[in-house]
Amino acid sequence: GLTVFCTVAAVLLFYDTILGSRFLLKVWRQFLNATTPILYGAAMAYLLAPVVNWFDTAAVKCGLAKNAGTRGRKVSLGIRSVSILLTWALIGVLLYLLASVLLPELYKSVLQLISNVENYYNTISGWVIHLLETYPSMEHWVTQQMNTYYETMETWLQHELLPQATTVMTIVTGGVFGIVTFFGD
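The sequence shown maps to residues 2 to 186 in the numbering used here.
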């Protein structure tokens with residue numbers, strides 16, 4: 002009986018997943034959406050537990066917690082709280098250092114891309130002109146189209162992309178504070 006039940010359940014699951022209304026996938030997605038904060042918290046706790054424990058043992062070695070057993074639970078909880086705060090401060094500093102290295106390089110890369118647009122255009126234009134030398138009537142039309150697209154692209158890069166890149170840099174650097182607040186919460 003158990004074999005028949007498992008077989009029928011597997012067939013129904015296969016049918017629902019492949020051909021059906023995908024009810025199980027919808028339920029699974031809702032479950033993941035509901036438990037995502039818990040999963041993130043568990044992952045962060047798992048990854049940061051060794052650092053917190055290291056701060057705790059450092060406090061014990063320094064003599065801050067010598068008499069924690071005699072003073073009571075409040076002292077040990079205070080030491081644990083300080084260890085957690087120091088761990089998050091360390092993570093914040095590391096994220097700030099990472100952002101301070103990566104974001105300026107990203108900004109320089111975007112500026113370099115914008116400054117090299119003319120070289121890219123000249124290279125592509127040379128390829129197209131070389132390919133169209135055999136069709137002189139089409140060459141003139143393609144050259145006009147490329148000039149039109151170049152002007153449009155250059156205007157878009159200078160008037161839309163560059164200001165948006167500056168805005169993105171401002172948002173990302175301001176977002177670091179949001180990340181620190183998120184981890185603090």
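Just so you know, even glycine gets a beta-carbon here, dropped at the ideal spot from N, CA and C.
Who are the Cβ neighbours of Q159 in its own chain at under 8 Å, not counting the five residues just before and after it? Here the set comprises I115.
* Asked: Taking only beta-carbon atoms, is P38 less than 7 Å away from chain D?
  -> Among the chains in the structure shown there is no chain D, since it carries only a single protein chain.
Exercise. So the alpha helix (DSSP H) T135 belongs to, where does it begin and stop?
Worked result: Where T135 is concerned, there is no enclosing alpha helix (DSSP H), given that its DSSP letter is neither H nor E.
At which residues does the alpha helix (DSSP H) containing L114 begin and terminate? R74 to S116
Quick one: is A35 buried, meaning 16 or more other Cβ sit within 10 Å of its Cβ, or exposed? exposed
Note to self: Quick check: what's the CA-CA separation for E155 versus L96?
What the structure shows: 35 Å
Just reading off the alpha helix (DSSP H) that Q31 is part of, what are its end residues? F24 to C63
CB contact flag (I85, V53, <7 Å):
yes
Let me know if A10 comes out buried or exposed under the rule of 16 or more other beta-carbons within 10 Å of its beta-carbon.
exposed
Q. Is the distance from the Cβ of D17 to the Cβ of F6 below 7 Å?
A. Cβ distance not < 7 Å, so D17 and F6 don't count as in contact.
TODO: Consult DSSP for G2 and reduce its assignment to one of helix, strand or coil.
DONE: coil
Classify L14 as helix, strand or coil using the three-state DSSP reduction.
helix
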